[in-house]
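Everything below concerns the one structure shown next.
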Amino acid sequence: MKKELISHQLVKYLEERGVEHLFGLCGHTNIAVLTALENSSIQFVNTRHEQIAAHIADGYARAKKQTAVLLSHLGPGLTNAATGVANAALDSIPLVVIAGDVPSHYYGKHPHQEVNLHADAAQYEIYRPFVKRAWRVDRPDLFPQILEKAFQLAESGRPGPVLVSVPMDIFSMEIDVELFANVKHHTKKLHKPSLDQETATRIVETLIAAKSPVLYVGGGVLIADAAAELRELVDHLSIPVAHSLMGKGALPDDHPFTLGMTGFWGTKFINDTTRNADVILALGTRFAEADSSSWEKEYTFDIPKTKLIHIDIDPSEIGRNYPVEIGAVADLKQALKVLNRIAKELLPQGRQNETQKQQIAAYRAEFQGQNREHIQSDAFPMTPQRILQEVREVLPRDAIITTDVGWNKNGVGQQFPIYEPGTVLTPGGLATMGFGAPAALGAKLAQPNRVVLSLVGDGGFGQNPAVLATAAEENIPVIWVIMNNFAYGTIAGLQKAHFGTTLGTLFKRDGKPYSPDYAAIARAYGIEGVKIESAAEFKEVLERAIKANKPFVIDVQMQNIPTPTAGHWNIMDIYSPDKKVHHVAVDA
1 MKKELISHQL
11 VKYLEERGVE
21 HLFGLCGHTN
31 IAVLTALENS
41 SIQFVNTRHE
51 QIAAHIADGY
61 ARAKKQTAVL
71 LSHLGPGLTN
81 AATGVANAAL
91 DSIPLVVIAG
101 DVPSHYYGKH
111 PHQEVNLHAD
121 AAQYEIYRPF
131 VKRAWRVDRP
141 DLFPQILEKA
151 FQLAESGRPG
161 PVLVSVPMDI
171 FSMEIDVELF
181 ANVKHHTKKL
191 HKPSLDQETA
201 TRIVETLIAA
211 KSPVLYVGGG
221 VLIADAAAEL
231 RELVDHLSIP
241 VAHSLMGKGA
251 LPDDHPFTLG
261 MTGFWGTKFI
271 NDTTRNADVI
281 LALGTRFAEA
291 DSSSWEKEYT
301 FDIPKTKLIH
311 IDIDPSEIGR
321 NYPVEIGAVA
331 DLKQALKVLN
341 RIAKELLPQG
351 RQNETQKQQI
361 AAYRAEFQGQ
371 NREHIQSDAF
381 PMTPQRILQE
391 VREVLPRDAI
401 ITTDVGWNKN
411 GVGQQFPIYE
421 PGTVLTPGGL
431 ATMGFGAPAA
441 LGAKLAQPNR
451 VVLSLVGDGG
461 FGQNPAVLAT
471 AAEENIPVIW
481 VIMNNFAYGT
491 IAGLQKAHFG
501 TTLGTLFKRD
511 GKPYSPDYAA
521 IARAYGIEGV
531 KIESAAEFKE
541 VLERAIKANK
551 PFVIDVQMQN
561 IPTPTAGHWN
571 IMDIYSPDKK
581 VHHVAVDA
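Here the sequence shown stands for residues 1 to 588, where the numbers follow this note's numbering.
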């Protein structure tokens with residue numbers, strides 16, 4: 001019987017699974033694993049904060065379409081990472097979190113950095129509200145089986161993070177190598193459910209018979225890698241497509257049947273189209289509050305007046321917020337293949353809808369016209385519309401962008417064209433400030449041949465500026481465009497509109513607007529940084545940053561004007577009952 005340290009067998013297991021990068025931060029509980037990585041093909045990506053590591057892993061998993069692995073220390077390491085792991089959970093991103101834990105022989109003694117005020121050896125329970133499962137490894141011989149289960153659970157059904165909490169002494173134990181060899185025989189990919197012929201036929205027949213059908217797509221389409229199948233169905237049946245924030249890019253924004261994002265930050269044309277549809281086929285969406293105008297029927301969706309068909313891999317999402325006529329649990333790639341086959345059987349020549357196509361084209365031209373003044377403005381601080389326009393003009397079609405929260409998320413969802421599926425990474429469910437800057441590092445590691453740019457506010461970038469240390473050490477050529485309005489701008493606009501104050505939302509020093517010089521901070525980290533001084537300068541600097549192919553920070557002052565809102569969010573009624581008030585512009 002051959003024995004070997006668990007830490008070394010763990011690294012070999014990850015190598016054989018095809019893991020190329022491991023993200024994390026050291027601690028006394030996990031250095032046995034770091035030591036085992038020394039001669040490994042796996043690259044350890046070192047960070048200065050565990051939240052940064054979790055967001056990098058999240059961005060990597062989204063861009064690579066592969067489960068990412070996060071290595072954490074116990075106690076404060078695990079709690080630091082919690083926000084990033086929860087963000088991945090709410091966006092259905094598969095992560096395997098491997099965390100060091102207190103020594104098993106010290107259970108009950110409150111060893112160093114243990115969280116145990118209510119139970120001994122219970123740090124894994126901290127993650128229970130948001131991971132798919134949390135394991136504590138109590139026996140070394142069970143570790144190989146738990147690892148295998150962890151990856152399978154993270155990747156199957158509705159994907160998401162899992163936690164494997166490992167007492168540090170177990171990392172340093174020896175076990176029979178056959179225990180790890182045995183799990184190699186298990187399949188690494190589960191076959192996913194599809195639609196049966198009868199249900200698929202009923203769905204297609206309902207769509208064909210409808211007078212004003214709409215497809216409503218969410219992030220599940222992208223997670224299932226089903227964008228090509230979606231486009232095939234749209235092209236054959238000429239049905240317009242609206243999307244949630246997380247569904248942006250599932251169909252290119254320049255496709256003639258792409259409507260755009262619904263809900264609070266959706267436009268009146270898009271919301272009216274979904275509200276007046278007689279049939280909606282929803283694919284991989286949870287009908288989130290902001291996307292659904294707080295589920296109030298006057299704005300975005302009027303269900304059950306509109307008949308709803310809902311397909312999702314997670315049965316708990318079907319009927320959660322709206323009653324359905326037809327509900328089906330299925331993998332969207334498999335389901336759309338069946339729907340396409342039946343659509344071509346029932347309508348071999350397909351169907352044209354020139355009237356709808358022309359309506360969408362006219363709407364786009366009108367919307368662009370409404371923005372033209374802002375887009376062409378030479379004002380400085382710059383308008384957010386001009387920033388987004390020039391970023392889109394300069395970026396390649398297949399570039400990946402990450403957003404944070406605020407204008408860079410809401411405005412991107414509404415106004416920034418995405419042309420290839422999976423090229424916009426945004427924090428949807430948890431809407432985590434601080435996601436965008438580190439997620440871009442993960443995306444670039446996953447797709448080194450793509451241009452990767454992070455659109456992030458000064459509030460968001462200020463959360464995790466230590467991303468620059470990792471970028472410099474690993475030479476990860478990401479571009480950060482800091483849309484700097486000297487404020488938590490979106491919240492400032494809300495507070496001013498409803499309460500007449502901006503206390504706690506504007507950044508000031510001695511009563512004057514304040515911001516660190518992020519370009520100088522970048523240079524202090526050894527990264528090129530430019531502070532934009534005029535609107536005319538921005539585009540040229542951005543082009544230079546792309547050509548440089550190295551980490552690059554662009555700090556650009558931006559006007560704090562609100563993203564236009566045509567939908568509804570019930571928080572407005574909570575703040576100001578019986579008033580139609582949203583945001584106002586705040587000059588920081």
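C-beta atoms are modelled at their ideal positions from N, C-alpha and C, and glycine is treated no differently.
Note that the coordinates shown come from a computational prediction; the quantities given were computed from them, not determined experimentally.
| Asked | Found |
| --- | --- |
| Determine the DSSP secondary structure at residue 46, reduced to helix, strand or coil. | strand |
| Check whether the Cβ atoms of residue 331 and residue 192 sit closer than 9 Å, and answer yes or no. | yes |
| What residue does the beta strand (DSSP E) around residue 554 start on, and which one ends it? | 552-557 |
| Taking only the alpha-carbon atoms, compute the straight-line gap between residue 571 and residue 293 and give it to the nearest angstrom. | 10 Å |
| Just list the residues that DSSP pairs residue 282 with in beta bridges. | 216, 310 |
| Can you tell me the Cα-Cα spacing of residue 545 and residue 51, whole angstroms? | 27 Å |
| Can you give me the Cβ contacts of residue 467 inside the same chain, cut-off strictly under 7 Å, excluding the 5 residues immediately before and after it? | 52, 437, 438, 441 |
| Take the Cβ of residue 266 as the centre, count every other Cβ of all protein chains shown within 10 Å, and call the residue buried at 16 or more, exposed below. | buried |
| How big is the Cα-Cα spacing for residue 39 and residue 32? | 13 Å |
| Express the C-alpha separation of residue 115 and residue 285 in angstroms, rounding to a whole number. | 36 Å |
| Assign residue 348 to buried or exposed, taking buried as 16 or more other Cβ atoms, counted over all protein chains shown, within 10 Å of its Cβ. | exposed |
| Do the CB positions of residue 71 and residue 25 come within less than 9 Å of each other? | yes |
| By DSSP, does residue 148 sit in helix, in strand, or in coil? | helix |
| Taking the DSSP output, what are the residues bridged to residue 487? | 506 |
| What does residue 242 pair with, by DSSP beta-bridge criteria? | 216, 260 |
| Identify whether residue 130 lies in helix, strand or coil by the three-state DSSP scheme. | coil |
| Use the C-beta contact count for residue 449: other C-beta atoms within 10 angstroms, 16 or more gives buried, fewer gives exposed. | exposed |
| Quick one: residues in its chain with C-beta nearer than 8 Å to the C-beta of residue 148, no 5 flanking neighbours on either side, listed in chain order? | 183, 186 |
| Taking only the alpha-carbon atoms, compute the straight-line gap between residue 593 and residue 369 and give it to the nearest angstrom. | The question about residue 593 has no answer here: the residues shown for the chain are numbered 1 through 588. |
| Under 6 Å Cβ to Cβ from residue 77, same chain only, skipping five residues before and after it: list those, please. | 27, 50 |
| So the beta strand (DSSP E) residue 531 belongs to, where does it begin and stop? | 528-531 |
| Per DSSP, which one or two residues make a beta bridge with residue 135? | 164 |
| Going straight from the alpha carbon of residue 255 to that of residue 447, what length do you get? | 25 Å |
| Under 7 Å Cβ to Cβ from residue 503, same chain only, skipping five residues before and after it: list those, please. | none |
| With a CB to CB cut of under 6 Å and the five nearest residues on each side skipped, what residues in its chain are close to residue 134? | 124, 127, 128, 163 |
| Beta-carbon separation of residue 555 and residue 529 under 9 Å? | yes |
| Using the beta-carbon count (16 or more within 10 Å), is residue 41 buried or exposed? | exposed |
| Per DSSP, what kind of secondary structure is residue 68 in: helix, strand or coil? | strand |
| How many Å lie between residue 517 and residue 481 at the Cα? | 13 Å |
| Since residue 383 is in the alpha helix (DSSP H), which residue starts that stretch and which ends it? | Premise fails: residue 383 is in no alpha helix (DSSP H) and is neither H nor E. |
| When the Cα atoms are used, what is the spatial distance from residue 268 to residue 567? | 7 Å |
| Please determine, among 275, 237, 46, 298, the residue with the shortest C-alpha to C-alpha distance to residue 341. | 237 |
| Quick check: the Cα distance between residue 553 and residue 136, rounded to an integer number of angstroms? | 41 Å |
| Based on Cα-Cα distance, which residue from 146, 66, 246, 452 lies nearest to residue 550? | 452 |
| In chain order, what residues of the same chain lie with their CB nearer than 7 Å to the CB of residue 488, ignoring the 5 residues before and after it? | 459, 505 |
| How would you label residue 612, buried or exposed, when you count the other beta carbons within 10 angstroms and need 16 or more for buried? | Because the chain is modelled from 1 through 588, residue 612 falls outside the range shown and cannot be assessed. |
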